[in-house]
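Notes follow once the structure below has been shown.
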């Protein structure tokens with residue numbers, strides 16, 4: 001299986017609206033980048049693969065990995081499901097996506113992730 005088209009469409013609308021972003025296929029799933037830095041990556045965890053995501057979410061599922069500021073990372077990591085802290089990189093968090101996903105929240109999180117990874121001059125355009 002792959003990432004559902006509906007999810008890709010929703011993420012494209014959000015991520016590609018941000019300045020100078022682009023989409024590309026990743027080793028698994030799809031990622032969105034600002035210059036050469038990934039700020040969002042969606043993939044399907046199946047049969048325990050990839051193990052570093054399967055271990056974090058304790059199983060299989062559709063996940064969205066993104067970056068967060070230290071304060072936001074702490075808050076999300078302590079919020080519990082659907083959020084899970086990854087082992088690396090230090091500023092990455094994973095969100096399980098499902099029928100109850102709050103897409104307004106995803107929009108805010110993708111914008112924040114972009115601001116963490118983008119050059120300051122581009123991030124300032126959003127404030």
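Numbering (UniProt numbering), first residue to last: 1 to 127. Ideal Cβ placement from N, Cα and C applies to all residues, glycine included.
- The alpha-carbon of residue 65 is positioned some 23 Å away from that of residue 125.
- If you ignore the 5 residues before and after residue 91, its C-beta comes within less than 7 Å of the C-beta of 67, 68, 73 and 116, all in its own chain and listed in chain order.
- Between the stretch 30-49 and the stretch 10-18 there are three or more C-beta pairs closer than 8 Å, enough to call the two in contact.
- Taking the Cα positions, residue 6 is about 12 Å away from residue 97.
- Residue environment for residue 29: buried (at least 16 other C-beta atoms within 10 angstroms of its C-beta).
- Here the alpha carbons of residue 123 and residue 59 stand approximately 35 Å from one another.
- Residue 84 is a Cβ neighbour of residue 56, given a cutoff of 7 Å.
- Buried is the label assigned to residue 40, since at least 16 other Cβ atoms lie within 10 Å of its Cβ.
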